[in-house]
Structure formats: structure tokens, C-alpha cells
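Working notes, beginning with the structure itself.
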Amino acid sequence: MAETDLATGKTSKLTNFNIEKILNYTISRDGSKLYLVRGNTTDEVVMIKNVR
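Below, the structure is given as C-alpha cells:
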């Protein structure tokens, strides 16, 4: 996650999330805080054929 200064275009890194993904986020009602949910997901697909 990073922030960009709109006046200068300079980007600064805010976090060091290397492995986990950001799964969800919300902003506090007054706009002063950003809340994140981080984690990993596992997706599996199984195909079953010719079941009688």
C-alpha cells in the first residue's frame, strides 16, 4: 500500500505486506482511519465425472 502526493507525484510506501493479501478494507466514519483485513485464501476445484 502506498500514498501519492498529488502536488509532487512522489509515492511513499506505507506498508510492508509481502505475503498476505488485503481481503477487505473500510474507512472510519470521520475519515481519519483505514482498517484492513489481511489474510490468505485457498481455492480448490474438484471435478467429479461419471458418478452413478
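Taking our numbering as reference, the numbering of the sequence shown is continuous, increasing by one, and the terminal residue is 343.
Where is the CB? At the ideal position from N, CA and C, for every residue including glycine.
Quick caveat: nothing in here was measured; it's all calculated off a predicted structure.
Could you pull out every residue in the same chain whose Cβ sits closer than 8 Å to the Cβ of S319, ignoring the five residues on either side in sequence?
For S319, where only same-chain residues beyond five positions count, the Cβ hits under 8 Å are L325 and Y326.
So E328 and L305 are supposed to be a Cβ contact under 8 Å. How far apart are they, rounded?
The amino acid at residue 328 is misidentified as Glu; the sequence shows Val. Between L305 and V328 the Cβ distance is about 16 Å, and since that is not below 8 Å, they are no contact.
Between Y307 and V336, what straight-line distance do the alpha-carbon atoms span, to the nearest angstrom?
Here the sequence assigns Asn to residue 307, which means Tyr is not the residue at that position. Roughly 31 Å between the two C-alpha positions.
Return the CA-CA distance between R343 and I310, expressed in angstroms with no decimal places.
Near 43 Å, if we compare the C-alpha coordinates of I310 and R343.
Pull the bridge partners of E294 from the DSSP assignment, please.
Answer is S303, bridged to E294.
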